[in-house]
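The structure appears right after this line, and notes come after that.
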Amino acid sequence: MKVTELRQKSSKGLQELLQEKRQRVDELRFLLRQKKVKNVKEVAGVKKDIARILTLLKSL
Numbered sequence: 001m002k003v004t005e006l007r008q009k010s011s012k013g014l015q016e017l018l019q020e021k022r023q024r025v026d027e028l029r030f031l032l033r034q035k036k037v038k039n040v041k042e043v044a045g046v047k048k049d050i051a052r053i054l055t056l057l058k059s060l
């Protein structure tokens, strides 16, 4: 997600999105162990999204 999209969301919306992203990372890690993920870079992308969300939450 882009930072501009994240800035438009409320604090509550960001927290919900953060929870979804963390669940997605757990799911991807599980699938990686089973070798069922084709796009390995997706994990890194989701982690970066989490970092962006946390940064915005701290600035609020």
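Here full-length UniProt numbering is used: position 50 in the sequence shown is 50, and no number is missing along the way.
We put the CB at the ideal spot given by N, CA and C, even for glycine.
Item                                                                                                                                                                  : Value
Looking only at its chain, what residues have a beta carbon closer than 6 angstroms to the beta carbon of V43, apart from the 5 residues adjacent to it on each side? : L28
Just mark D49 as buried or exposed, buried being the case when its beta carbon has 16 or more other beta carbons within 10 Å.                                         : buried
Let me know the secondary structure DSSP gives S10 once reduced to three states.                                                                                      : coil
Count Cβ pairs between the stretch 51 to 58 and the stretch 14 to 22 that sit closer than 8 angstroms; are there 3 or more?                                           : yes
Can you tell me whether Q34 is helix, strand or coil according to DSSP?                                                                                               : coil
Do V40 and L31 come within 8 angstroms of each other at the CB atom, strictly closer than that value?                                                                 : no
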